[in-house]
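**Q** Starting off with a structure, shown below.
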Amino acid sequence: AQLKACDLIYKLMHRLGEMWQDIEEPTRPSECTRAIAGACAYAMFDAVIRQQASDTPMEISVMLSEGDGVALSTGVGRKRGLDLERASEWLELQTPALCRARAAAVAYFAGVKQACKDAIFDMPIHLGGEMGLV
């Protein structure tokens, strides 16, 4: 069931990506809506893989629960060092539903970050003397 849920999230985001490619010149609000959809899908994916299956858990599920827990990176941008919360503050959200979706995704990842000691895929790099996130 866990792998099936991950597959469904993947297919949903794949369809969204296909649809988005058909838009010649998306507006800023449209791009912001897409960003929120991605953040929500990422939160769903994280929640699914964080639950260990009772039969055969996925290796990443086991790894995320080791020690004091491991959070997935929410870094945005290579040079700016922004996290999801700070980056999404500037999104132009035109409906209350999008504001609630953003708040829920940010709250979810803030809770995960607070509960976990370490982060994975949060790799600092040096770019011309500046520190950034991959």
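With the sequence shown counted from 1, adding 234 to any position gets you our numbering. The C-beta atom is built at its ideal place from N, Cα and C for all residues, glycine as well. Computed from a predicted structure; not experimentally measured.
Would you call the CB atoms of Arg262 and Glu323 closer than 8 Å?
**A** Here residue 262 corresponds to residue number 28 of the sequence shown, with the count starting at 1. Here residue 323 corresponds to residue number 89 of the sequence shown, with the count starting at 1. Cβ atoms of Arg262 and Glu323: not closer than 8 Å.
**Q** Rounded to the nearest angstrom, how far is the Cβ of Tyr342 from that of Ala277, given a contact under 8 Å?
**A** Counting from 1 along the sequence shown, the entry for residue 342 is found at position 108. Counting from 1 along the sequence shown, the entry for residue 277 is found at position 43. Right, the Cβ-Cβ distance comes to about 5 Å (below 8 Å), so this counts as a contact.
**Q** In the structure shown, what three-state DSSP assignment does Asp302 receive?
**A** Residue 302 sits at position 68 when you count from the first residue of the sequence shown. Three-state result, Asp302: coil.
**Q** From what residue to what residue does the alpha helix (DSSP H) around Ala281 run?
**A** Position 47 of the sequence shown holds residue 281. From DSSP, the alpha helix (DSSP H) with Ala281 extends over 262-284.
**Q** If you follow the alpha helix (DSSP H) that Ala353 is in, where does it begin and where does it stop?
**A** Walking along the sequence shown from the start, residue 353 turns up at place 119. Membership of Ala353 in any alpha helix (DSSP H) is not indicated; the residue belongs instead to the beta strand (DSSP E) covering 352-354.
**Q** Can you have a look at Gly309 and say buried or exposed, based on whether 16 or more other CB atoms are within 10 angstroms of its CB?
**A** Locating residue 309 in the sequence shown gives position 75, counting from the first residue. Classification for Gly309: buried.
**Q** Can you tell me whether Ala305 is buried or exposed, with buried defined as 16 or more other CB within 10 angstroms of its CB?
**A** Translated into the one-based positions of the sequence shown, residue 305 becomes position 71. Counting Cβ neighbours within 10 Å, Ala305 comes out buried, since at least 16 surround it.
**Q** Do you know how far the Cα of Met253 is from the Cα of Gly345?
**A** Here the question's residue 345 lines up with position 111 in the sequence shown. Here the question's residue 253 lines up with position 19 in the sequence shown. Straight-line Cα distance between these residues: approximately 32 Å.
**Q** Looking only at C-alpha atoms, which of Ala331, Gln285, Met247 sits nearest to Gly303?
**A** Along the sequence shown, one-based indexing puts residue 303 at 69. The shortest Cα separation from Gly303 among Ala331, Gln285, Met247 belongs to Gln285.
**Q** Classify Asp189: buried if its beta carbon has 16 or more other beta carbons within 10 angstroms, exposed otherwise.
**A** The question about residue 189 has no answer here: the residues shown for the chain are numbered 235 through 368.
**Q** Using the Cβ count rule (16 or more neighbours within 10 Å means buried), how would you classify Cys333?
**A** Here residue 333 corresponds to residue number 99 of the sequence shown, with the count starting at 1. Under this definition Cys333 is an exposed residue.
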